[in-house]
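Written below as structure tokens is the structure these notes are about.
Numbering (the numbering used here), first residue to last: 116 to 577.
Printed below as a string of structure tokens:
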């Protein structure tokens, strides 16, 4: 405790010293509680100060740098959601390394944590692994405006299912050269096979799986996930195979586009692969979700419905139920933390491209909902493509109970043209597929990253 107090005091002392050194006025907000909570629709002010962070890193004090990032981003999320988040504690590097090491021994996956902090003058990368001291790399070419521009172009190319392979591969390699390449040698030397990204503004909605080194997609080398901050994760090990699935959704909506493949999506999950319950349309209500969870503690909740992570305040983002929209600031009322849901899946959501508030909502989904982890999509995927991916994912989750690995194997199967809607045993066993869903879809098209790269694991990857 004394060490933590001294470190926090160092933040304040260091901030004052930088004023004298640089002639800058630097806020010390990372050390203060947010009171009153922000009500504005503007992006919450980042509590992470680039000059303070730079000073820590220049002094090779990576431990204090990581604590500064963790505190800063946690408080930014709290301001965005207009409430306190759980796990209010300070995480030091030695605890992160020990946690990664413990999990590696439990499941055989060797994980690394990557902090990527864009600043106006450069990109700061910090790598934490279970086996060695943390590594810091400063990337002068990764200035925030340049990096965000590349990421935006990269995502725009992928969201177009007709974009040529050369376009998204070239842009994906530009992202790789800034975000991954500086750490690649160390990742390979330590045998890392799972990457957990803690990303700064402008990077939180990058389609990580489709980043490319020019030969392979990143998902072909690592299982992947994002987190809002390490101190917000729940690391208690649970065997997900021992749980059941509550699959709910709607195929028809009053004011939104229909999702005709949803009935087959739900039935394919609970009929062919997992024990559980499937509820559709009029039965897809908030009251029914709470009732079903009170009757049986379903560990996986799958919601096949429209969801939006939108610009503006947290109140502008929502999940569509049959009878109502549940806003993101109300999602904690779903009761997914009592007992904790191991995995929340949103199979038809989308996130506003390049919008900072939408990024915060997406990256903080698992924490805000109370689930240990969530899978959501960065953009709305074709209805048939979502059906194919979700059917494959639940098959993989039975074989690979590590959530990030199951998603990885699903995405690899799609990019290698091993997933099809036609003649798919899981789907065929659930009923006939409407012709309008399979029209113009084949293996070649499903291999485009538009169909698989937007699905992202958020929170505890194990």
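Cβ atoms here follow ideal geometry from the backbone N, Cα and C, with glycine treated the same way.
| query | result |
| --- | --- |
| Reduced DSSP category for residue 192 - H, G, I as helix; E, B as strand; rest coil | helix |
| Beta-carbon gap between residue 273 and residue 499 smaller than 9 Å | no |
| Length of the line joining the Cα atoms of residue 571 and residue 561 | 17 Å |
| Backbone secondary structure at residue 492 - three-state DSSP | strand |
| Straight-line gap, residue 193 to residue 429 (C-alpha atoms, nearest Å) | 11 Å |
| Residue 370 and residue 426 closer than 9 Å at C-beta | no |
| Cβ pair count under 8 Å reaching 3, the segment 204-220 against the segment 337-352 | yes |
| Distance CB(residue 239)-CB(residue 250) smaller than 9 Å | no |
| Proximity winner among 576, 493, 536, relative to residue 564 (alpha-carbon distances) | 493 |
| Buried or exposed by the 16-neighbour rule on C-beta atoms within 10 Å, applied to residue 393 | buried |
| Any 3 or more C-beta pairs closer than 8 Å across the segment 176-184 and the segment 202-212 | yes |
| Check: residue 522 C-beta below 8 Å from any heavy atom of the ligand ZN | The ligand ZN is absent from the structure shown, which contains no ligand whatsoever. |
| Buried or exposed (CB count within 10 angstroms, at least 16 for buried), residue 277 | exposed |
| Same chain, Cβ closer than 7 Å to residue 373, neighbours up to 5 away in sequence not counted | 366, 367 |
| Interface flag, residue 425 vs chain C, CB-CB below 9 Å | In summary, chain C is missing from the structure at hand, where a single protein chain is found. |
| C-beta atoms of residue 341 and residue 323 nearer than 9 Å | yes |
| Any 3 or more C-beta pairs closer than 8 Å across the segment 431-448 and the segment 475-485 | yes |
| Exposure of residue 519, with buried meaning 16 or more beta-carbon neighbours within 10 Å | buried |
| Check whether residue 318 and residue 262 have beta carbons under 9 Å apart | yes |
| Close Cβ partners of residue 345 (< 7 Å) along its chain, the five nearest in sequence each way excluded | 185, 206, 211, 228, 313 |
| DSSP three-state assignment for residue 571, whether helix, strand or coil | strand |
| 3 or more residues per run - each beta strand (DSSP E) lying fully within the segment 449-533 | 458-466, 488-492 |
| Simplified DSSP state of residue 319, which is helix, strand or coil | coil |
| Alpha carbon of residue 246 to alpha carbon of residue 304, nearest angstrom | 11 Å |
| Every unbroken beta strand (DSSP E) inside the segment 287-372 [3 residues or more] | 309-314, 338-342, 360-364 |
| Segment contact flag, the segment 471-480 with the segment 520-535, C-beta cutoff 8 Å, min 3 pairs | no |
| Other residues of its chain near residue 512: CB distance less than 6 Å, five sequence neighbours each side excluded | 521 |
| Three-state secondary structure assigned by DSSP to residue 207 | coil |
| Length at least 4, wholly inside the segment 371-458: the alpha helix (DSSP H) runs in chain order | 377-387, 401-410 |
| Rounded C-alpha distance that separates residue 416 from residue 573 | 15 Å |
| Nearest-angstrom Cβ-Cβ length linking residue 407 and residue 413, presumed shorter than 8 Å | 7 Å |
| Residue 576 versus residue 281 - alpha carbon distance | 31 Å |
| Exposure label - residue 259; buried when at least 16 CB within 10 Å | buried |
| Where the alpha helix (DSSP H) through residue 170 begins and ends | 165-173 |
| Selected residue, minimal CA-CA separation from residue 381, among 235, 433, 195, 463 | 463 |
| Candidates 302, 222, 458, 420: closest to residue 364 by CA position | 420 |
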